[in-house]
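J.:
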Amino acid sequence: AKRTGRNSFSMFTADLNERAMKRLSLEGELRTALDHRNFVVHYQPQVDLVTGEVAGAEALVRWMRPDGTMVPPGDFIPVAEETGLVVPLDLWVMEEAVRRAVVWREEGVSAFKVSVNLSARHFATGNLVEKVEDILTRAGLPPSQLGVEVTETLLMQNMQAAVDVLTRLSGLGVRVLLDDFGTGYSSLAYLSRLPIDTLKIDRSFVLDISGGDSEGDVVARGILSLAANLGLTVVAEGVETMKQVDFLKAHGCPYAQGYLFSKPLPHMEFRKLFQRGSIF
Ligand code: C2E
Ligand code: CA
Ligand code: CA
Ligand code: CA
């Protein structure tokens, strides 16, 4: 049994206080950072496994602290979600990515597609569709060049609103990607209700691909055959080895993303990938 003497109690409250304080100061810093646009967008290529060419990119946000350090999203997105700051943040990332795609388009990279991550928070606020339409119109990007990545766990939190919003986005011509696919619940039940274009095979399954009968092999094959039956396209995430590429190609996976091809890059460096042609 656990003793709850005065000491462990005060240690517990001290710990709670410390965490609450940290969270509060992080929230304040995030607000300031948003006001000052102290974020950068990095781009990770999504590679066509048949041609080896860059077909598109996922836009991933990083926070640039005043001292120059780069904070990865895992360290602040949860607080941004809790506080609702993720809504303006995601829209800023979308604006950046859309503007960048227009610049690249003007430079002759026409088939390029860019996708951004959307928090479930957007489905509750109501005006996401108008905002997206506005961003695309002002920048002059064809909607089919923009994709939104949503996770199934987040969708489940507000299914009806998600169906409504995604249907309207899809109506504009924006592509919808289901992120981290395979990690949530009842994936099949709602797949038919949602206007989804692409399934992203979660990194955990790709990591586990052995070329035999591991869970990763079974799940990856299952997702690829499901996608083929439903007429959906697939991006495998977290690809790090040629062995994974060979397996994915052998089972008809059209696109892949991962450190094997490139880490997420600042736009200037990402731009150089186009000049290289095939990335293999
Ligand atoms: P995600 O959407 O699943 O993004 C993929 C993450 O996997 C990225 O981490 C990427 O750098 C990492 N990754 C890509 N290839 C590999 C690989 O081969 N091996 C390994 N080990 N990792 C790989 P990142 O950039 O740290 O982002 C983490 C998460 O933060 C994202 O997961 C996404 O959920 C969230 N996030 C990032 N940017 C945004 C944003 O603008 N808005 C929102 N709401 N969430 C974001
Ligand atoms: Ca994503
Ligand atoms: Ca993912
Ligand atoms: Ca993830």
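Residue numbers (full-length UniProt numbering): 748 to 1027. By construction, the Cβ of each residue, glycine as well, lies at the ideal position given by its N, Cα and C atoms.
What is the DSSP secondary structure of D881, reduced to helix, strand or coil?
T.: Here residue 881 is taken as the residue at index 134 of the sequence shown, counted from 1. Reduced to three states, the DSSP call for D881 is helix.
J.: Less than 6 Å between the CB of D955 and some heavy atom of ligand 3, yes or no?
T.: Counting from one through the sequence shown, the residue named residue 955 turns up at place 208. D955 Cβ: outside cutoff for every heavy atom of ligand 3.
J.: Determine which residues share a DSSP beta bridge with Y1002 and list them.
T.: Position 255 of the sequence shown, counting from 1, holds the residue named residue 1002. Note: Y1002 sits in a beta bridge opposite D795 and V982.
J.: By Cβ distance, which residues of its chain are closer than 8 Å to A748, with the 5 residues on each side in sequence left out?
T.: Locating residue 748 in the sequence shown gives position 1, where the first residue counts as 1. Below a pLDDT of 50, predicted positions are generally treated as unreliable, and A748, at 45, falls in that range; the measurement from the model is reported next regardless. For A748, where only same-chain residues beyond five positions count, there are no Cβ hits under 8 Å.
J.: Of all the options D762, R778 and L902, which has the alpha carbon lying nearest to the alpha carbon of T830?
T.: The residue given as residue 830 occupies position 83 in the sequence shown. For T830, the nearest C-alpha among the options comes from R778.
J.: Quick check on the contact list: which residues have their beta carbon closer than 6 Å to a heavy atom of ligand 2?
T.: The filter returns E805, N864, E896 and D926, in chain order.
J.: Based on the DSSP output, what are the partners of E805 in its beta bridges?
T.: For the purposes of this step, residue 805 is identified with residue 58 of the sequence shown, where counting begins at 1. Its beta-bridge partners are Q791 and S862.
J.: Say the cut is 6 Å; is the CB of E962 nearer than that to a heavy atom of ligand 3?
T.: Counting from 1 along the sequence shown, the entry for residue 962 is found at position 215. Incorrect: E962 has no Cβ contact closer than 6 Å to ligand 3.
J.: Within the chosen definition, does the stretch 1008–1019 reach the stretch 964–978 through at least 3 CB pairs nearer than 8 Å?
T.: Flag = no, the stretch 1008–1019 and the stretch 964–978 do not touch.
J.: Is E987 near ligand 3, with its Cβ less than 6 Å from a heavy atom?
T.: As a position in the sequence shown, residue 987 is number 240, starting the count at 1. No, the beta carbon of E987 sits no closer than 6 Å to any heavy atom of ligand 3.
J.: Cutting at 8 Å between CB atoms, please list the residues of its own chain near F928, excluding the five before and the five after it.
T.: By 1-based counting over the sequence shown, the position of residue 928 is 181. Contacts found: E899, S934, L946, K947, I948, D949 and I970.
J.: Output the distance between the C-alpha atoms of L883 and D960, rounded to the nearest integer angstrom.
T.: Here the question's residue 883 lines up with position 136 in the sequence shown. Here the question's residue 960 lines up with position 213 in the sequence shown. Spanning the two alpha carbons is a distance of roughly 44 Å.
J.: If I follow the unbroken beta strand (DSSP E) through V895, where does it start and stop?
T.: Here residue 895 is taken as the residue at index 148 of the sequence shown, counted from 1. That run of the beta strand (DSSP E) goes L893 to T898.
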